[in-house]
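A short worksheet on the structure shown next.
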Amino acid sequence: MTTITADDLKSLIALIAEAMTRERDRLCELDGVIGDADHGIAMELGFSAAAKATAELDPATADPTLVFNTAAKAFLNAVGASSGPLYATGLMRAGASVKGKPSLTDDDMVGAFAAIAKGIQDRGKAEVGEKTMIDAWAPAAAACQAARDQGMPLEECFSAALVAAQTGMDATKDMIATKGRSSRLGERALGHIDPGAASAAVVVACFHAFFSPQ
Ligand code: ADP
Ligand code: MG
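Counted from 1, the sequence shown has number 31 at position 31 by the UniProt record's numbering; the numbering is strictly sequential.
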């Protein structure tokens, strides 16, 4: 059993921001094929702003909910693309899912992860199969919860989530988009990975790395 503090969550967000900086160009290239080539910039801006805003929180008073809510607001303010409100809603939902808790248990952490996925889905109204980030997030959240229900430690839960996210991401290659910018392309989007699903797999990989012993 792990105890996850507000400071741990700040470190996790900082880890995601670093990963988005590394992955920015690849994500922009993916978006360049079926969108407007800004997805890597959006994700880097969003998570960098979230990391900066949460780092500035007073450690004496910041609880997990405040960290998630601060990250959400910073992400929304920094990002004009459609991923802005989607991730902001996901992060706000994660905050709501742990309200009043001074620190998080493994169950709380898996619940917060699932809340991000559910928030994104509620906000964007995408279903699995529509070639969006939900094709990575929804199976990742389900696999994570299933592993936790079997009593797996967080490392195993996020390992299962990562495999599911990557499988979901790969599956977007064979999909035609019915939500978002790439839906205008029809069959021309076939054969290309959805950038939002690719960045979701990066986020999930960071959760996995963060909760895996070095
Ligand atoms: P924009 O399309 O405004 O430039 P981004 O480039 O930041 O925004 O993000 C594009 C990604 O957003 C897509 O690859 C897709 O995964 C995701 N997306 C778009 N619309 C939705 C939606 N309604 N629900 C979930 N994800 C969506
Ligand atoms: Mg874009």
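Heads up, the beta-carbon is just placed ideally off N, CA and C, and yes, glycines get one too.
Let me know the secondary structure DSSP gives residue i once reduced to three states.
| i | result |
| --- | --- |
| L91 | helix |
| I193 | coil |
| L12 | helix |
| I134 | helix |
| L154 | helix |
| I34 | helix |
| E18 | helix |
| E127 | coil |
| K99 | coil |
| M169 | helix |
| L27 | helix |
| L185 | helix |
| P213 | coil |
Below 7 angstroms, is the gap between the Cβ of residue i and the nearest heavy atom of ligand 2?
| i | result |
| --- | --- |
| A81 | yes |
| R181 | yes |
| G40 | no |
| G84 | no |
| D108 | no |
| D25 | no |
Hey, is residue i close to ligand 1, as in C-beta under 7 angstroms from one of its heavy atoms?
| i | result |
| --- | --- |
| I134 | yes |
| K118 | no |
| D174 | no |
Return the first residue and the last residue of the alpha helix (DSSP H) that residue i is part of.
| i | result |
| --- | --- |
| K118 | 106 to 124 |
What are the residues that DSSP puts in a beta bridge with residue i?
| i | result |
| --- | --- |
| residue 274 | Lying outside 1 to 214, the shown extent of the chain, residue 274 is not represented and no answer is given. |
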